[in-house]
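Asker:
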Amino acid sequence: MSVLVLETVDRIAWLTIHRPEKLNALNAEVLKELDCAFAGLEHDEAVGAVVITGSGEKAFVAGADIGELRELDSASARRQGLAGQAVFERIERMPKPVVAMVNGFALGGGCELALACHIRIASENAKFGLPEVSLGIIPGYGGTQRLPRLVGKGVALDMILSGDMVNVQEALRMGLVSRIFPAAELKAGTEKLARTMLSRGPLALRHALSAVHQGLEMPQEQGLQFEAALFGLLAASEDMKEGMGAFLEKRPAQFKGR
Ligand code: COA
Numbered sequence: 006m007s008v009l010v011l012e013t014v015d016r017i018a019w020l021t022i023h024r025p026e027k028l029n030a031l032n033a034e035v036l037k038e039l040d041c042a043f044a045g046l047e048h049d050e051a052v053g054a055v056v057i058t059g060s061g062e063k064a065f066v067a068g069a070d071i072g073e074l075r076e077l078d079s080a081s082a083r084r085q086g087l088a089g090q091a092v093f094e095r096i097e098r099m100p101k102p103v104v105a106m107v108n109g110f111a112l113g114g115g116c117e118l119a120l121a122c123h124i125r126i127a128s129e130n131a132k133f134g135l136p137e138v139s140l141g142i143i144p145g146y147g148g149t150q151r152l153p154r155l156v157g158k159g160v161a162l163d164m165i166l167s168g169d170m171v172n173v174q175e176a177l178r179m180g181l182v183s184r185i186f187p188a189a190e191l192k193a194g195t196e197k198l199a200r201t202m203l204s205r206g207p208l209a210l211r212h213a214l215s216a217v218h219q220g221l222e223m224p225q226e227q228g229l230q231f232e233a234a235l236f237g238l239l240a241a242s243e244d245m246k247e248g249m250g251a252f253l254e255k256r257p258a259q260f261k262g263r
């Protein structure tokens, strides 16, 4: 069986990392398959949202594969870091919502994978951490960059320098996750959110993602200009006419993504 299972049901692509015997640790094969999967999903018109999760009930992803990491030398480690970063960058830049459905341990590369997703939803048993310093390394798939941007420098440095795990309540408090469900309700809760997003204007979702993602990389004044440009683009869309027409006619909108 493949290390990545992809199942698309009614416009939601469910991607499950499947190495349960290694707590879904990210080896080179998983990273390559994630990259291929996202390259396809980006242009797949049958898919409007993506959910990533881990196989089994214990782990989302327990990190990069330590057996593989141990073999790296300086040059190959740098290459590996850049390659992993590129895969996660592709995920972050997806023009449709990507949700991390965190069903257990999200450690090291697993936490970094969740950070690259647009939204993180977790089960009550989920645990987050960047334990790399306990292995004598630092996070290498974007953790030192995305975590401080998401939760602030002080809290990020606490996690990065201590290597300690945080439970889901702490993760919610710090803004690392936005919704929590009992394990048995995680999938239904995630699907409900995905279906809500799918009922919204697809062009609006795409532009909201780039306004936030690219805007965060700009000075605010430039970000505001960028927001106004995207707002202008949407005003010329069929989706805007449909969304506003549907509201005024008191009926559900039928968006076409145009
Ligand atoms: N890379 C490779 N293998 C891993 C792994 C990783 N990141 N995380 C877990 N595994 C493997 C274990 O080696 C073990 O394999 P084995 O059965 O062949 O010995 C199997 O997954 C189950 O893990 P185990 O440690 O026995 O489970 P546990 O319930 O006792 O502990 C964790 C769970 C998550 C706390 C523990 O596995 C752990 O600390 N993992 C490493 C986390 C980490 O440092 N990640 C960052 C890597 S950069």
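Residue numbers (the numbering used here): 6 to 263.
Think of the CB as a built atom: it goes at the ideal place given N, C-alpha and C, for glycine as much as any other residue.
1) If you measure from each CB to the nearest heavy atom of ligand 1 and keep those under 7 Å, what residues do you get, in chain order?
2) DSSP on Glu12, reduced to helix/strand/coil?
3) Which residues does DSSP pair with Arg125 in a beta bridge?
4) Which residue comes first and which comes last in the beta strand (DSSP E) that contains Phe65?
5) Buried or exposed for Phe252, going by 16 or more other Cβ atoms inside 10 Å?
6) So, are the CB atoms of Met170 and Phe231 less than 8 Å apart?
7) By how many angstroms is the C-alpha of Lys261 removed from the C-alpha of Ala234?
8) Could you pull out every residue in the same chain whose Cβ sits closer than 8 Å to the Cβ of Ala188, ignoring the five residues on either side in sequence?
9) With a 10 Å radius around its C-beta and 16 neighbouring C-beta atoms as the bar for buried, classify Gly147 as buried or exposed.
10) Between the Cα of Lys27 and those of Gly68, Glu38 and Ala44, spot the shortest distance and give me the residue it belongs to.
11) Give a yes or no on whether the C-beta atoms belonging to Glu137 and Gly157 are separated by under 8 Å.
12) Can you name, in chain order, every residue of its own chain whose Cβ lies under 7 Å from the Cβ of Ala161, other than the five neighbours on each side?
13) Hey, Ala13 and Thr58 are a contact pair by Cβ (cut 8 Å); roughly how many whole angstroms apart?
14) Quick one: any contact between the segment 114-129 and the segment 188-198, if contact means 3 or more CB pairs under 8 Å?
15) As a quick exercise: from His48, Leu74 and Met202, pick the residue whose alpha carbon is nearest that of Leu31.
16) For the alpha helix (DSSP H) containing Met179, list its first residue and its last residue.
17) With H, G and I counted as helix, E and B as strand and the rest as coil, what does DSSP make of Leu31?
18) Using 8 Å as the threshold, is the segment 95-113 in touch with the segment 35-52, meaning 3 or more CB pairs across them?
19) From Val103, Arg24, Gly194 and Gly72, pick the residue whose C-alpha is nearest to that of Leu9; which is it?
20) State the Cα-Cα distance for the pair Val104 and His123, rounded to the nearest angstrom.
21) Within its chain, find whatever has a CB closer than 6 Å to the CB of Arg83; leave out the 5 residues flanking it on each side and keep chain order.
22) May I ask which residues mark the beginning and end of the beta strand (DSSP E) holding Val56?
23) For Ile96, which three-state DSSP category applies?
24) Taking DSSP as the reference, what is the three-state secondary structure of Leu77?
25) In the structure shown, what three-state DSSP assignment does Met170 receive?
26) State yes or no: is the C-beta of Leu135 within less than 8 Å of the C-beta of Met164?
Answerer: In this structure, then:
1) Glu26, Lys27, Leu28, Ala30, Lys63, Ala64, Ala67, Gly68, Ala69, Asp70, Ile71, Gly72, Leu74, Phe110, Leu112, Gly113, Gly114, Pro136, Glu137, Ser139, Leu140 and Ile142
2) Numbered from its first residue, the sequence shown carries residue 12 at position 7. Glu12: strand per DSSP, three-state reduction.
3) Walking along the sequence shown from the start, residue 125 turns up at place 120. DSSP output for Arg125 lists Ala105 as bridge partner(s).
4) The sequence position of residue 65 within the sequence shown is 60, counting from 1. Where Phe65 is concerned, the enclosing beta strand (DSSP E) stretches over Ala64 to Val66.
5) Position 247 of the sequence shown holds residue 252. That one is exposed.
6) On the sequence shown, position 165 is the one that residue 170 refers to. On the sequence shown, position 226 is the one that residue 231 refers to. Against a cut-off of 8 Å, the Cβ pair of Phe231 and Met170 comes out as no contact.
7) Reading the sequence shown from its first residue, position 229 is the one you call residue 234. Reading the sequence shown from its first residue, position 256 is the one you call residue 261. Taking the straight line joining both Cα atoms gives about 21 Å.
8) Sequence index remark: in the sequence shown, residue 188 carries index 183 (1-based). Excluding positions up to five away in sequence, the list reads Glu62, Asn108, Ser128, Glu129 and Asn130.
9) Start at 1 with the first residue of the sequence shown, and residue 147 comes out as number 142. Classification of Gly147: buried, given that the 10 Å Cβ count is 16 or more.
10) Here residue 27 refers to the residue found at position 22 when the sequence shown is read from its first residue. Ranking the options by Cα distance to Lys27, first place goes to Gly68.
11) Reading the sequence shown from its first residue, position 132 is the one you call residue 137. Reading the sequence shown from its first residue, position 152 is the one you call residue 157. Not a contact, by the Cβ cut-off of 8 Å.
12) As a working note, residue 161 is residue 156 in the sequence shown. Contacts found: Leu152 and Pro153.
13) For the purposes of this step, residue 13 is taken as the residue at position 8 of the sequence shown. For the purposes of this step, residue 58 is taken as the residue at position 53 of the sequence shown. Strictly speaking, residue 13 in this sequence is Thr, with Ala absent from that position. Not confirmed; about 14 Å, so no contact.
14) yes
15) Within the sequence shown, residue 31 is the residue found at index 26, counting from 1. Comparing Cα-Cα distances from Leu31 to each of His48, Leu74 and Met202, the minimum goes to Leu74.
16) Taking the first residue of the sequence shown as 1, we reach residue 179 at position 174. Per DSSP, Met179 belongs to the alpha helix (DSSP H) from Val173 to Met179.
17) Taking the first residue of the sequence shown as 1, we reach residue 31 at position 26. Three-state DSSP puts Leu31 in a strand.
18) yes
19) Taking the sequence shown and counting its residues from 1, the one referred to as residue 9 is at position 4. Residue Arg24 is the option with its Cα nearest to Leu9.
20) If you number the sequence shown from 1, residue 104 lands on position 99. If you number the sequence shown from 1, residue 123 lands on position 118. Val104 and His123: Cα-Cα distance of roughly 6 Å.
21) As a working note, residue 83 is residue 78 in the sequence shown. If we look at Arg83 and ignore the five residues flanking it on each side, it has no Cβ neighbours.
22) Within the sequence shown, numbered from 1, the residue matching residue 56 stands at position 51. Taken as a continuous stretch (DSSP letters only), the beta strand (DSSP E) holding Val56 covers Ala54 to Gly59.
23) For this step, residue 96 is matched to residue 91 along the sequence shown. Of the three classes helix, strand and coil, the one that applies to Ile96 here is helix, per DSSP.
24) For the purposes of this step, residue 77 is identified with residue 72 of the sequence shown, where counting begins at 1. Leu77 falls in the coil class under three-state DSSP.
25) Position 165 of the sequence shown, counting from 1, holds the residue named residue 170. Three-state DSSP puts Met170 in a strand.
26) The residue given as residue 135 occupies position 130 in the sequence shown. The residue given as residue 164 occupies position 159 in the sequence shown. It is a contact, given that the beta carbons lie within the stated cut-off.
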